[in-house]
Amino acid sequence: MDRLEFQPTQKTPYVLLDPAGTLRFRGRSIPEDVSLFYEDILDWVIAFASSPPAKTTVDIEMEYLNSGTSKYMLRLLKKLKEVESDGYGLHINWVYEAGDDDILERGEYYASILDLEINFVEVE
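This note's numbering puts the first residue of the sequence shown at 5, with every later residue one more than the last.
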């Protein structure tokens with residue numbers, strides 16, 4: 005499994021997918037074609053979840069997610085929950101700016117609907 009890294013653009017976030025167990029999503033996600041951007045990422049996560057390392061750390065630091073991105077983020081987190089359900093370590097950090105209630109609430113929604121433990125980190 006290869007390490008994937010996508011540099012950010014004005015419409016897409018920085019993404020790092022490392023098979024050693026580090027996944028990072030950072031920035032703004034408003035791609036014109038959400039499926040085109042996230043389908044390869046979802047495929048990678050599906051393959052990763054079938055044979056994960058002992059511990060996986062996911063850092064999510066999004067400024068904005070459009071509705072299409074939100075659906076893919078839910079699918080990604082649902083697949084990653086399987087890693088935890090299979091007995092592997094999973095640590096998710098949801099980083100949000102102080103006062104950005106929309107991003108905080110989005111993370112809380114994912115945690116609630118997926119029954120997933122997420123560490124919420126407020127930054128200035």
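Each residue gets a CB set at the ideal place from its N, CA and C atoms; glycine is no exception.
As the structure is a prediction and not an experimental result, all values here were calculated from the model.
Run of the alpha helix (DSSP H) containing residue i, from where it starts to where it stops
i: residue 42; result: 38-54
i: residue 110; result: 105-118
Bridge-paired residues (DSSP) for residue i
i: residue 96; result: 62
i: residue 22; result: 26
i: residue 123; result: 97
i: residue 86; result: Looking at the DSSP assignment, residue 86 forms no beta bridge with any residue, so it has no partner.
i: residue 79; result: Answer is none; residue 79 lacks a bridge partner.
Nonlocal neighbours in the same chain, by C-beta distance under 6 angstroms from residue i, ignoring five residues either side
i: residue 125; result: 97, 99
i: residue 28; result: 20, 63
i: residue 59; result: 25, 93
Same chain only: Cβ atoms within 8 angstroms of residue i, ignoring 5 sequence neighbours per side
i: residue 44; result: 8
i: residue 95; result: 59, 60, 61, 62, 123
Same chain, Cβ closer than 7 angstroms to residue i, neighbours up to 5 away in sequence not counted
i: residue 53; result: 83, 84, 86, 87
i: residue 69; result: 33, 77, 110
Buried or exposed by the 16-neighbour rule on C-beta atoms within 10 Å, applied to residue i
i: residue 33; result: buried
i: residue 12; result: exposed
i: residue 5; result: exposed
i: residue 50; result: exposed
Span of the beta strand (DSSP E), counted from its first residue to its last, around residue i
i: residue 9; result: 8-10
Near the ligand ATP: residue i beta-carbon under 6 angstroms from a heavy atom
i: residue 101; result: Questions concerning the ligand ATP fall outside what the structure shown contains, since it holds no ligand whatsoever.
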